[in-house]
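These protein sequence lines are chains E and B, in that order. Numbered according to this note's numbering, the first sequence spans residues 1 to 435. Numbered according to this note's numbering, the second sequence spans residues 1001 to 1106. Backbone N, C-alpha and C fix where the C-beta goes; we use that ideal spot for every residue, glycine too.
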Amino acid sequence: MTRSTTASLSASRRTLLKGLGAGALLPLIGCGPPGSGNDASGPRVVVVGGGFGGATAAKYLKRFWPNLQVTLIEPNKVFHTCPFSNLVLAGERRMESIAHSYDELKNHYGVQVIHARADDIDPDGHRVTLDNGDRLTYDRLVLSPGIDIRWDAIEGYDRAAAEHAPHAWMAGDQTQLLRRQLEGMPDDGVFILSAPADPFRCPPGPYERASLIAHYFTQHKPRAKVLILDAKDNFSKQGLFTSAWQELYGDRIEWVGLSGDGAVMRVDAERREVETEFGSIHKASVLNVVPPQKAGLIADRAGVTDASGWVPVNPNTFESTQVKDIYVVGDATVAAPMPKSGFVANTQAKVAAAAIVSSLEGTPLLEARWANTCYSLINPEYGISVAHVYNVQNDQISIASGGLSPGQAPGTTRRLEAEYAYSWYNAIAQDTWGS
Amino acid sequence: MIMRSLLLLTTVLALTSQGALADERQAERQTALLASSCANCHGTDGRGTMTLAAIAGRPASILESQLLAFKHDESAGATVMDRIAQGYSDDELKALADYFANQPEL
């Protein structure tokens, strides 16, 4: 049988299927919104983290199996996305436009949302302990812990330093702090961005940030410069970025890679100075340190991280290879060649949700497939992208198709990709949080 | 004896059709999982209202021919869909076209 014939399975066949008793074994997948599922009595899935991965997992678990009891644990009532936070830094968007609540999950999908922090996981007892002392038991656990900063990686760069030299790599207060610093910067100042080695959250993010801040400077700080000090020699969409920088910003943006002595080893945040590998000192007016990262802390507590600090997963299911019944999605996972992006976290969450449903009901696993499109804005009307489809080949995540925006393209293409970037943001936010 | 054979036959038929329907249901879920990636740009179930064309409820034949044109680089206006469509078989693209055609419009 081909998939094409089954996709048009009619409503009457569905009823027939249920009538035969198979419906009880095979909950509906891909059906319409279930409405309130607060009376759900099925197995219990707890989701930790309400970002792109966690919110999507909660929603799609309920879409795939409305009778599941799904609980989402997230400390914040409002989630600010990293995507488009660079537009906030450039003064092109307000914080409210990147803020999303959990109303749709609660009111439309019947997800129980608890605003608390998950402090500990007991994998043997299948229990999550919250910071308010409550304990929740689960049949399956989804962790979408995002990233934590490696505070010990760059000398002098600790939590206190981040109040002077923000990372702004988790959107929220840090974004607003960096924005205020940029606004207060002298007209002939230097903005320094220190970019980490791979792997890290949002590979093109530092370069989009440099671009949009350069755009802000063209409007408001005409003599200001951008210096990127980089701990690597190659970066995402490098050719597209560098030629666009040349075209739009001339020599306003300077990039120094690893072999040009770009790796920042020491930070003096109060003086806004950095020292590189071979002892060069650079002084900034505004210093933005995007530091090395690791999986969010709760992943450590659950015992799912390995020596790299990230979480190895079974590529077919995104279940931890180290702890049974714990599924991990998003930036915390080792999923190369997939990047650590919000888009990928969202599609990983859907694959994990389907795998959890299969495992709970004992039906065959579905074939995993993921997509990713990362748009970057060079200015608000100039967009570039990288897009891929991924599948599993020989138990490895592999690229099925994809690539970059064309190197040579008319301005209309770049404008269209910028438009699509805004459209993408609205669509993925709607798909993840309903707003 | 005849009764037993009839009973056996009925049971076998029932099990077979149940198995076939379970297979169909499994394939339907597979398509729903594939389709879920499209939501990231086109909205949940393709019911987007943004710049990008809403795809929910559009005729399956049009969606399919558009997807195949993207895949075979025959769509002049493509930006990312040419890169993405190549990651799916023709059968999968047809199943996705059918899936979105069957979604109610916003």
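One or two residues paired with residue i in a DSSP bridge
i, result
"Y375(E)", "S385(E)"
"F79(E)", "H100(E)"
"T276(E)", "V264(E)"
"N391(E)", "S398(E)"
Pair within 8 Å by beta-carbon distance, residue i and residue j
i, j, result
"T81(E)", "V46(E)", "no"
"C1038(B)", "W424(E)", "no"
"A168(E)", "L178(E)", "yes"
"T276(E)", "A263(E)", "yes"
"A355(E)", "F318(E)", "yes"
"P312(E)", "V334(E)", "yes"
"K350(E)", "S1036(B)", "yes"
is_contact[residue i, chain E] using C-beta, thresh 8 Å
i, result
"H1042(B)", "yes"
"R1083(B)", "yes"
"G1057(B)", "no"
"S1036(B)", "yes"
"L1033(B)", "yes"
"Q1066(B)", "no"
"A1054(B)", "no"
"A1078(B)", "no"
"A1069(B)", "no"
Exposed unless 16 or more other CB atoms sit within 10 angstroms - verdict on residue i
i, result
"L1096(B)", "buried"
"L1106(B)", "exposed"
"T1031(B)", "buried"
"N132(E)", "exposed"
"A1020(B)", "exposed"
"S144(E)", "buried"
"S320(E)", "buried"
"P292(E)", "buried"
Neighbour flag for residue i against chain B, beta carbons, 8 Å
i, result
"D431(E)", "yes"
"G402(E)", "yes"
"L416(E)", "yes"
"P123(E)", "no"
"F456(E)", "Any property of residue 456(E) remains undetermined from this structure, which presents chain E solely from 1 to 435."
"V389(E)", "yes"
"L136(E)", "no"
"A24(E)", "With a pLDDT of only 38 at A24(E), under the threshold of 50, the placement of this residue in the model should not be trusted; the figure read from the coordinates follows. Taking Cβ atoms only, chain B never reaches closer than 8 Å to A24(E), which makes this a no."
"R201(E)", "no"
"P364(E)", "yes"
"G110(E)", "no"
"S435(E)", "no"
"N107(E)", "no"
"K350(E)", "yes"
"S385(E)", "yes"
"T412(E)", "no"
"R93(E)", "no"
"V424(E)", "Val is not the amino acid found at residue 424(E); the sequence shown has Trp there. It does; some Cβ of chain B falls within 8 Å."
Chain A contact for residue i (CB, 8 Å cutoff)
i, result
"N316(E)", "Absent from the structure: chain A. Protein chains present are E and B."
Pairing CB atoms from the segment 323 to 341 of chain E with CB atoms from the segment 193 to 209 of chain E, are three or more of them under 8 Å? With the cut-off at 8 Å, the segment 323 to 341 of chain E and the segment 193 to 209 of chain E touch.
Taking three-plus beta-carbon pairs below 8 Å as touching, is the segment 189 to 197 of chain E in contact with the segment 96 to 110 of chain E? Not touching, per the Cβ criterion.
Count Cβ pairs between the segment 391 to 401 of chain E and the segment 217 to 226 of chain E that sit closer than 8 Å; are there 3 or more? Segment contact: the segment 391 to 401 of chain E against the segment 217 to 226 of chain E, fewer than three CB-CB distances shorter than 8 Å; contact not assigned.
The segment 410 to 428 of chain E / the segment 368 to 384 of chain E touching (three or more Cβ pairs under 8 Å): Of all C-beta pairs linking the segment 410 to 428 of chain E to the segment 368 to 384 of chain E, three or more are shorter than 8 Å, placing the two stretches in contact.
Does the count of Cβ pairs from the segment 244 to 254 of chain E and the segment 140 to 156 of chain E closer than 8 Å reach three? With the cut-off at 8 Å, the segment 244 to 254 of chain E and the segment 140 to 156 of chain E do not touch.
Examine the Cβ distances between the segment 185 to 194 of chain E and the segment 278 to 294 of chain E and report whether three or more of them are shorter than 8 Å. Short answer: they touch.
Does the segment 1079 to 1093 of chain B come within contact of the segment 394 to 407 of chain E, defined as at least 3 CB pairs closer than 8 Å? By the Cβ rule, the segment 1079 to 1093 of chain B counts as touching the segment 394 to 407 of chain E, because three or more pairs are nearer than 8 Å.
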